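Q: Would you mind keeping the following structure in view while I ask a few things?
2 protein chains.
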Amino acid sequence: MATSLLPWSDKALALLCRMNNFHLPGSSLVRCRRFVIEGQQVGWVPPVVASKLTRFPEVFTSSGSGEAGAVALCPALDSYRKRSEAVNTVLQQLREEDTFSCLRGWRDEKYEVMPRFCDQSLMCMERAATSLFGVKRYGVHVNGYRQEEDGTVTMWLSRRSRTKQTYPGTLDNLVAGGLAAGTSLQETLIKECEEEACIPACIAETACPVGTVSYTYEDEDGVFPESQFVFDLKLPLEFRPQIGDGEVQDFYLWPLDQVKEVLVSEDFKPNSAMVVLDFLIRHSYVHPDAEPYYQEFVTGLHKSL
Amino acid sequence: MATSLLPWSDKALALLCRMNNFHLPGSSLVRCRRFVIEGQQVGWVPPVVASKLTRFPEVFTSSGSGEAGAVALCPALDSYRKRSEAVNTVLQQLREEDTFSCLRGWRDEKYEVMPRFCDQSLMCMERAATSLFGVKRYGVHVNGYRQEEDGTVTMWLSRRSRTKQTYPGTLDNLVAGGLAAGTSLQETLIKECEEEACIPACIAETACPVGTVSYTYEDEDGVFPESQFVFDLKLPLEFRPQIGDGEVQDFYLWPLDQVKEVLVSEDFKPNSAMVVLDFLIRHSYVHPDAEPYYQEFVTGLHKSL
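First to last, the sequence lines map onto chains U and B. Residue numbers 1 to 305, in the UniProt record's numbering, belong to the letters of the first sequence in order. Residue numbers 1 to 305, in the UniProt record's numbering, belong to the letters of the second sequence in order.
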């Protein structure tokens, strides 16, 4: 591919642009409707989705068009439970009718729907459906690293199983997982560390929260506003991750030079590559006098809608 | 003041909103014209400034209005030197006529004018005038900290001299300075460390680049898009900063609890407070399960136009 000939900096900038393509001129943003519950915006509904929802007037009401327009839940759905159930029924029907291909990836895993992370959840929604409503998703990503005896830093990476629904076979952070309804970040962190890499809780608990990586992209499945809560986990020299629940096929311990090179390749899950880029910046592995897009990298890793 | 009764989280969020008020609905953004050199946008010109520039048609051309409009430099100004000199002549005249109060703070210090930090500079401009054109300013901020023998982290802060032009007498990072035309970040870092706190180069060089803090605010002096390159500098236990060029009146070594409390007070220079907040997040002193606005903090510290 032509892009493989680009300098590293351009490839990294291209990654951030791609993962923030909903912000770019020409995106569907101006044609999306706000998704509104109880008067508060909780997402963006692409036009193709909005038109399919008009069949369900007992659940969704629609007003205006484009950015000025809204798809709202009917006022009769006045509780968390009622909203979650009514939307779920619609989604199950659309899934059976095979209206949206993303619903083929139904997971029976619920995500909370909130105006902001700090707000009370207004409903929960099947994970595979959130992109149809541009509902923000949250997750936990763990940079697993070691400080070698000579002081150099190496990083543990995982390779996703070939049977994963999304990004099969690509490189990933040591541990990562979505934030399911009703769980805290700390619980998610400890659970995913145990399940994906057999990291015992006594080690996982030493992970340090160091910020978030936020971005919004769109593709044929809809709109993906996401924020990943990032943790750095310094692993003991004698520790080796083990394959747990089968979501990972292999682990690698690589020097940061190699990690830096591979994060801009097609071989790396893109949002996890962003988490690694953030690590390299925070750990002074990228220097602002030497990296022309340094400032663009930092803002591109932290974009909110 | 009523705000002093708010919880810490709300005060910190209010700080970030204030420092990004150009992004808020109701800001002058929709009435500003793009400032354009060689076809590339390098700033935002508030309406009151644009109207004063029409007197100088040999330097500035104007087209359209509001966000769709532009103030451009005349094509005859076809070099860095010509542009810098022509604009400087206009600014000197406006200064003599006392047209804009910000020009009373003329510093004889030039900043580069660039579409992006990585681009070649198109001209340089007096520091005190950049807000009239919404030209982005860059600086270096240093979090000076210590790791005490018991492992706890304390932070060195400075108190600005009462005679400083901007934010006299407020708390500030240990060292901070604007990026003058023709200097690198590393040079600025070492020079400011020496001048402001008598930190020798052999210590200053150990400062670690850890990202940027970016924001855009507006006030009666114009538009301030700024990016600060942030460095963490771990200082030896035996080191004490000394007053250098007189821009600082005092230094304090405080526990992070006290630093966290004071950063949301009126006593702290606002952009430096943002740099400290970024430090507290990166060093896991703020935990995402305990801080409701964690994600808003991280994105609010890294906003680009």
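Ideal Cβ positions, reconstructed from N, Cα and C, are used throughout, including at glycine. For clarity, every value in this text was computed on a predicted model and none was experimentally measured.
Taking residue 282 of chain U as the query, report the chain D residues whose CB atoms sit under 8 Å from its CB, ordered along the chain.
A: Going by chain labels, chain D is absent from the structure shown, which instead holds the protein chains U and B.
Q: May I ask which residues mark the beginning and end of the beta strand (DSSP E) holding residue 112 of chain B?
A: 110 to 113
Q: Do residue 156 of chain B and residue 209 of chain B have their CB atoms nearer than 8 Å?
A: no
Q: Please name the residue in B:218, B:233 and B:204 whose C-alpha comes closest to that of residue 26 of chain B.
A: B:218
Q: State buried or exposed for residue 30 of chain B, treating a residue as buried only when at least 16 other CB atoms are found within 10 Å of its CB.
A: exposed
Q: Ordered along the chain, which non-local residues of its own chain (more than five positions away) have a Cβ less than 8 Å from that of residue 160 of chain B?
A: 167, 168, 169, 170, 171, 172, 247, 248, 249 and 269
Q: Quick check: residue 137 of chain B and residue 182 of chain B, are their CB atoms within less than 8 Å of each other?
A: no
Q: At the 8 Å Cβ level, is residue 216 of chain U part of the contact set with chain B, yes or no?
A: It does not; no Cβ of chain B falls within 8 Å.
Q: What residues from chain B crowd round residue 289 of chain U, counting only those whose CB sits closer than 7 Å?
A: Close partners of residue 289 of chain U in chain B (Cβ separation under 7 Å): 184, 185 and 186.
Q: With DSSP run on the structure shown, which of helix, strand or coil describes residue 124 of chain U?
A: strand
Q: Check whether the segment 267 to 285 of chain U touches the segment 187 to 198 of chain U, taking contact to mean three or more Cβ pairs, one atom from each stretch, closer than 8 Å.
A: These segments do not touch.
Q: So within the segment 33 to 112 of chain U, which uninterrupted alpha helix (DSSP H) runs reach at least 4 residues, ignoring any that extend past its ends?
A: 47 to 53 and 80 to 96
Q: Are residue 52 of chain U and residue 99 of chain U close, meaning C-beta to C-beta below 8 Å?
A: yes
Q: To the nearest angstrom, how far is the alpha carbon of residue 140 of chain B from that of residue 139 of chain U?
A: 32 Å
Q: For chain B, is any of its Cβ atoms less than 8 Å away from the one on residue 27 of chain U?
A: Output row for residue 27 of chain U: interface = no.
Q: Take residue 303 of chain B and list the residues in its own chain whose beta-carbon comes closer than 8 Å to its own, dropping the five residues that flank it on each side.
A: 20, 23, 214, 215 and 216
Q: Let me check understanding here. Comparing Cα to Cα, which of B:43, B:9, B:176 and B:17 lies closest to residue 224 of chain B?
A: B:43
Q: Starting from residue 252 of chain U, follow its DSSP beta bridges and name the residues at the other end.
A: U:157
Q: Taking only the alpha-carbon atoms, compute the straight-line gap between residue 133 of chain B and residue 46 of chain B and give it to the nearest angstrom.
A: Cα atoms of residue 133 of chain B and residue 46 of chain B: separation of roughly 7 Å, rounded to the nearest angstrom.
Q: Using CA coordinates, which residue listed in B:124, B:102 and B:146 is at the minimum distance from residue 37 of chain B?
A: B:124
Q: With 9 Å as the limit, tell me which residues of the segment 105 to 129 of chain U have their beta carbon closer than that to any beta carbon of chain B; keep them in chain order.
A: 116, 117, 118 and 119
Q: Using alpha carbons as the reference points, say which of U:262, U:238 and U:290 lies closest to residue 148 of chain U.
A: U:238
Q: Could you say which of B:78, B:102, B:143 and B:144 lies nearest to residue 128 of chain B if we only look at CA atoms?
A: B:102
Q: Which term fits residue 295 of chain U, buried or exposed, when burial requires 16 or more other beta carbons within 10 angstroms of its beta carbon?
A: Buried is the call here.
Q: Within a Cβ cutoff of 6 Å, which residues of the same chain sit near residue 221 of chain B, ignoring the five residues on either side of it in sequence?
A: 102 and 131
Q: Rounded to whole angstroms, what is the Cα-Cα separation between residue 158 of chain B and residue 266 of chain B?
A: 15 Å
Q: For a contact defined as C-beta to C-beta under 7 Å, what are the partners of residue 229 of chain B on chain U?
A: Taking a Cβ-Cβ cut-off of 7 Å, the neighbours of residue 229 of chain B in chain U comprise 288, given in sequence order.
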